[in-house]
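Numbering (this note's numbering), first residue to last: 8 to 278.
Where a beta carbon is used, it is the ideal one built from N, C-alpha and C, also for glycine.
To start, the structure itself, in structure tokens.
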Amino acid sequence: MPELPEVQTVCDTLAYQIKDAKIVDIRILFDKIIEGDIDEFKKKLIGQHFRSFRRRGKYLLIEMDDITFVSHLRMEGKYYIFDKDDPPLKHDHVIFYLEDGRALHYNDVRKFGRMYLIEKRRVYRRFRDLGPEPFWDSFDLSYCKSYLSKRKAPIKEVLLDQSFVAGIGNIYADEILFACKIHPLTKADTLNDAQIRDIIKKTRRILSKAIRAGGTTIRSYTSSLGVTGLFQMSLRAHDQKNCQTCGAKIRKIKVAGRGTYYCPNCQKESG
Ligand SMILES: [Zn+2]
């Protein structure tokens with residue numbers, strides 16, 4: 008599933024490829040990808056240019072001339088650029104035809120991704136329940152301490168909670184806790200200041216490393232340029248067999264229904 012680094016990679020590659028391109032037609036092959044009225048979606052986007060691209064959590068926010076276009080890739084959504092005459096691939100659900108003769112294809116094997124339009128003045132409101140971005144100054148010790156002190160849930164579960172911090176998913180949550188030597192089942196409200204500081208620091212370090220590597224490629228995720236990420240080569244805990252630090256066998260458990268990997272030797276249970 009694309010997490011913050013992968014969505015950032017899609018954002019950057021789309022900006023590189025289609026900034027200022029104009030949509031001249033849209034073909035929708037699977038209606039449910041679009042939230043809201045299909046005809047309205049087409050009508051409001053045709054004739055608009057892709058002006059700027061940013062990410063909020065795992066959402067891709069594209070500023071068009073008059074409206075904000077939101078794309079949530081969810082499990083396996085991805086974009087490809089083709090020539091306008093190229094036929095759709097299997098699982099292509101939405102095609103945006105561009106004035107310059109290219110076409111932007113949205114492909115989604117699982118069909119969980121969603122797209123919708125929001126008026127620009129409503130964007131802030133729509134995303135105000137999302138927690139801070141990991142790279143924002145507001146994601147600091149005092150914020151984390153006050154949030155975590157109210158949560159008795161395992162820290163792994165809280166890291167996945169988008170209202171705590173935006174953009175972290177199952178893979179990076181495992182990596183962050185491994186790097187901090189914190190057991191995934193540790194209750195959030197028992198973490199001390201040093202551990203919380205470490206979580207903030209390692210979160211930023213791991214995510215920026217992944218962004219630099221072009222996002223992790225697990226399963227079918229690829230960026231819009233067809234580039235596959237390299238960071239999965241350097242995963243230390245998630246989906247790994249042995250701990251690269253101590254050699255112990257990496258253990259897999261379920262936390263909040265998600266497969267969770269940790270080293271029983273480096274990440275000792277406490278509290
Ligand atoms: Zn270990």
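CB-CB under 7 Å to residue i, same chain, minus the five flanking residues each way: which ones, in chain order?
i: Leu237; result: Interpretation of Leu237 is limited by its pLDDT of 48, a score under 50 that renders its predicted location unreliable; no figure is taken from the coordinates.
i: Phe103; result: Ile30, Ile33, Ala110 and Leu111
i: Asp246; result: Tyr268
i: Gly108; result: Asp90 and Lys91
i: Ile45; result: Ile35 and Asp38
i: Phe171; result: Gly138, Tyr154 and Val165
i: Ile203; result: Leu148, Cys151, Lys152 and Leu155
i: Ala180; result: Lys163, Leu166 and Leu167
i: Thr169; result: The amino acid occupying residue 169 in the given sequence is Gln; Thr does not appear at that position. Once the five neighbours on either side are set aside, the close Cβ partners of Gln169 are Gly64, Leu137 and Gly138.
Throw me the rounded Cβ distance for the residue i and residue j pair, which I believe falls under 8 Å.
i: Ile40; j: Tyr87; result: With 8 Å as the limit, Ile40 and Tyr87 do not qualify as a contact, their Cβ atoms being about 15 Å apart.
i: Lys118; j: Phe48; result: Actually they do not touch by this definition, with Cβ atoms about 17 Å apart.
i: Leu214; j: Pro141; result: 6 Å
i: Asp136; j: Ala110; result: About 34 Å separates the two Cβ atoms, so there is no contact after all.
i: Ile178; j: Glu10; result: 6 Å
i: Pro60; j: Cys18; result: Strictly speaking, residue 60 in this sequence is Phe, with Pro absent from that position. Indeed, because the Cβ distance is near 5 Å, the residues count as touching under 8 Å.
i: Ile25; j: Leu124; result: With 8 Å as the limit, Ile25 and Leu124 do not qualify as a contact, their Cβ atoms being about 17 Å apart.
Just tell me which of the options has its CA closest to the CA of residue i.
i: Lys65; options: Lys85, Phe48 and Gly54; result: Lys85
i: Ser241; options: Lys216, Ala263 and Ala255; result: Lys216
i: Leu283; options: Lys49, Met8 and Leu68; result: Summary: the structure shown does not reach residue 283, with the chain confined to residues 8 through 278, and so no result is reported for it.
i: Lys358; options: Asn249, Leu166 and Gln247; result: Residue numbering for the chain in the displayed model covers 8 to 278; residue 358 lies beyond these limits and cannot be assessed.
i: Gly176; options: Cys253, Ile74 and Arg81; result: Arg81
i: Ser287; options: Gly120, His100 and Leu96; result: What the structure shows of the chain is the stretch from 8 to 278, and residue 287 is not part of that stretch, so it cannot be assessed.
i: His98; options: Ile35, Tyr150 and Tyr269; result: Ile35
i: Ile183; options: Lys152, Arg133 and Ala244; result: Ala244
i: Arg211; options: Phe146, Cys250 and Asn199; result: Phe146
i: Lys275; options: Ala186, Lys248 and Gly266; result: Ala186
i: Lys163; options: Ala255, Gly43, Ile260 and Met8; result: Ile260
i: Trp143; options: Asp168, Gly266 and Ile207; result: Ile207
i: Tyr23; options: Arg58, Glu42 and Asp115; result: Arg58
i: Val130; options: Glu70, Asp200 and Asp93; result: Glu70
i: Gly264; options: Pro161, Pro271 and Asp205; result: Pro161
i: Lys289; options: Gln169, Ala195, Lys188 and Arg128; result: Coverage of the chain is limited to positions 8 through 278, which leaves residue 289 absent and any answer about it impossible.
Apart from the five residues just before and just after residue i, which ones in its own chain have a Cβ nearer than 6 Å to its Cβ?
i: Ile218; result: Pro12 and Gln15
i: His56; result: Asp27, Lys29 and Asp72
i: Thr252; result: Cys273
i: Gly54; result: none
i: Arg226; result: For Arg226, the predicted model reports a pLDDT of 40, less than 50, meaning its position is unreliable and no value from the coordinates is stated.
i: Lys51; result: Ile74 and Leu124
i: Phe134; result: Arg63
i: Gly43; result: Tyr123
i: Asp205; result: Cys187
i: Met8; result: Met82 and Gly176
Can you list, in chain order, the residues of its chain with a C-beta nearer than 8 Å to that of residue i? Leave out the 5 residues immediately preceding and following it.
i: Lys277; result: The sequence given here places Ser at residue 277; Lys does not occur at that position. Excluding residues within five positions, the ones whose Cβ falls inside 8 Å are His190, Thr193 and Thr197.
i: Tyr150; result: Pro139
i: Ala173; result: Leu11, Arg63, Gly64, Lys65, Leu137, Gly138, Pro139, Glu140 and Pro141
i: Asn249; result: Ala255, Lys256 and Ile257
i: Leu96; result: Tyr87, His112 and Asn114
i: Cys270; result: Phe185, Ala244, Cys250, Thr252, Cys253, Ala255, Ile257 and Arg258
Got a list of residues with beta-carbon closer than 5 Å to any non-hydrogen atom of ligand 1, in chain order?
-> The filter returns Cys250, Thr252, Cys253, Ala255, Cys270, Asn272 and Cys273, in chain order.
List in chain order: all unbroken alpha helix (DSSP H) runs of 4+ residues lying wholly within the stretch 80 to 165.
-> Those alpha helix (DSSP H) runs which fall completely within the stretch 80 to 165 and span 4+ residues are 130 to 133 and 148 to 155.
Considering only residues of the stretch 246 to 276, which uninterrupted beta strand (DSSP E) runs meet the minimum length of 3 residues and lie entirely inside it, listed in chain order?
-> Here the runs fully enclosed are 258 to 262 and 265 to 269.
Would you list, in sequence order, the uninterrupted beta strand (DSSP E) runs of no fewer than 3 residues that lie entirely inside the stretch 29 to 72?
-> Fully enclosed beta strand (DSSP E) runs of 3 or longer: 30 to 35, 59 to 63 and 66 to 70.
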